[in-house]
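Peer 1: Numbering follows full-length UniProt numbering, in which position 225 of the sequence shown is assigned residue number 225; successive positions increment by one, without gaps. Cβ coordinates follow ideal geometry from the N, Cα and C atoms, glycine included. Here the structure is a predicted model, which is why all the values come from computation and not from measurement. Before I ask anything, let me first share the structure, which is written out below as structure tokens.
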Amino acid sequence: MPTDHPQPSPSPAPLDRLSPLLERFRVRAHLFHHGPLCGVTHFAAAPGRGFLHVLRRGEMVVTHQPQAGPPERLEVCEPSLLFYARPLEHFFHNAPTEGSDFTCAALDFDGGASHPLARALPPLVLLPLGAVDGLQQSLDLLFAETDHLRCGHRVLADRLFEVVLLQLLRWLLDHPQQAQMPPGLLTGLADPHLSRTLTALHEAPGQAWSLEQMAQQAGLSRSAFAARFKAVVGETPADYLAHWRLTLAQAHLRGGRSLKSIANELGYANPSALSRVFAQKLGVSPRDWLDGVAA
């Protein structure tokens, strides 16, 4: 008689870990410099503003204020990407004869400091251009637009910068240790089990998620899932879900929607329940928070 052999389990379906985030919380790029920089160039910190710098040629020194997060002084000796996801003052130091060449964009994060990716990323990501697979083709298109003045070149350059940013985020998800990512959203999305739960939470925040349902998404037992989630993401699954719902609530309130219109959509029985959680987690009522945003 033929012997039954266990069949291998099917490979999990491909998972889009970034679209549910970026569709709700946009990042917009705006080209503002192309060419050499000489002397000391100051980049000020502004709420909701980040930067993506591409050092195409040459070398430079980057400095930051003490206790700002990144090292106070960094030497960049090869073509590199410098990604500041959060407002952080920084200075470029370039000798006039060095021949350094830059393409730089400002990044506007929807929701400012509450943008999920801005919260999850380190203050500075510094990578050689050659480290990010597939990046060169997008950079070639970007440089072709910035090197020549043509109709619509600024609009196209902005969109190409956003493509470069997306490729960088993909690389960070695939190389969290190499990028020295702190525990948080991106390390969770880099985990093959937790990424399935996190993506499901992002796509359906209003579902009545239990710990068992979240663990099933990850293919883990409840205890293993809870321990792994806390270690990798840095908070419990319930706390993460509450914070994600409140982040969405803030975005909806900024957009002019009422608590009544969003409470059920975010998994709350009524506006009062959402208001209570809002005040507990953020220390202020939705009305007072919105007044502060307006001010």
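State the Cα-Cα distance for the pair residue 37 and residue 94, rounded to the nearest angstrom.
Peer 2: Cα to Cα, residue 37 sits roughly 6 Å from residue 94.
Peer 1: Quick check: what's the CA-CA separation for residue 218 versus residue 24?
Peer 2: Spanning the two alpha carbons is a distance of roughly 23 Å.
Peer 1: Please report the straight-line C-alpha distance between residue 130 and residue 82, rounded to a whole angstrom.
Peer 2: Looking at the two C-alpha atoms, the distance is approximately 13 Å.
Peer 1: Which residue comes first and which comes last in the alpha helix (DSSP H) that contains residue 240?
Peer 2: That run of the alpha helix (DSSP H) goes 237–254.
Peer 1: Below 8 Å on the Cβ atoms is my guess for residue 156 versus residue 145; work out the distance and round it to an integer in Å.
Peer 2: With 8 Å as the limit, residue 156 and residue 145 qualify as a contact, their Cβ atoms being about 5 Å apart.
Peer 1: Let me check understanding here. Comparing Cα to Cα, which of 154, 232, 180 and 279 lies closest to residue 127?
Peer 2: It is 180.
Peer 1: Between the alpha carbons of residue 196 and residue 269, how many angstroms are there, rounded?
Peer 2: Rounded to whole angstroms, residue 196 to residue 269 spans 26 Å at the Cα level.
Peer 1: Whole angstroms are fine: how far does the CA of residue 200 sit from the CA of residue 19?
Peer 2: Looking at the two C-alpha atoms, the distance is approximately 12 Å.
Peer 1: If you draw a straight line from the alpha carbon of residue 213 to that of residue 262, how long is it in whole angstroms?
Peer 2: Cα to Cα, the separation comes out at about 23 Å.
Peer 1: One question on the structure: do residue 184 and residue 120 come within less than 8 Å of each other, judged by their Cβ atoms?
Peer 2: The answer is yes: Cβ separation under 8 Å.
Peer 1: Examine the Cβ distances between the stretch 103–120 and the stretch 35–55 and report whether three or more of them are shorter than 8 Å.
Peer 2: With a cut-off of 8 Å, the stretch 35–55 and the stretch 103–120 count as touching, because enough Cβ pairs lie within range.
Peer 1: Just tell me which of 91, 32 and 230 has its CA closest to the CA of residue 63.
Peer 2: Of 91, 32 and 230, the residue nearest in Cα terms is 91.
Peer 1: Between the stretch 268–282 and the stretch 242–252, do three or more beta carbon pairs fall short of 8 Å?
Peer 2: Output reads yes: the stretch 242–252 touches the stretch 268–282.
Peer 1: Counting only the same chain and skipping the five closest in sequence on each side, list residues whose C-beta sits under 6 Å from that of residue 77.
Peer 2: Counting only Cβ-Cβ distances below 6 Å, and skipping sequence neighbours, we find 59.
Peer 1: Going by the CB atoms, is the gap between residue 122 and residue 192 shorter than 8 Å?
Peer 2: Contact flag unset, no.
Peer 1: Would you kindly check if the distance between the Cβ of residue 86 and the Cβ of residue 118 is under 8 Å?
Peer 2: Contact flag set, yes.
Peer 1: How big is the Cα-Cα spacing for residue 100 and residue 147?
Peer 2: Rounded to the nearest angstrom, the two C-alpha atoms are 15 Å apart.
Peer 1: Report the residue ranges of all alpha helix (DSSP H) runs contained in full by the stretch 165–190; include only those spanning at least 4 residues, in chain order.
Peer 2: Complete alpha helix (DSSP H) runs here, min 4: 185–190.
Peer 1: Exposed or buried, residue 29, counting other C-beta atoms within 10 Å across all chains shown (16 or more means buried)?
Peer 2: Residue 29 is buried by the Cβ-count criterion.
Peer 1: Using CA coordinates, which residue listed in 162, 65 and 39 is at the minimum distance from residue 53?
Peer 2: It is 162 whose Cα lies nearest to the Cα of residue 53.
Peer 1: For residue 153, which three-state DSSP category applies?
Peer 2: Residue state, collapsed to three classes: helix.
Peer 1: Buried or exposed: which applies to residue 202, given that a residue is buried once 16 or more other Cβ atoms fall within 10 Å of its Cβ?
Peer 2: It is buried - the Cβ of residue 202 has at least 16 other Cβ atoms within 10 Å.
Peer 1: For a minimum of 4 consecutive residues, which ranges assigned as the alpha helix (DSSP H) are wholly contained in the stretch 75–127?
Peer 2: The qualifying runs are 116–120.
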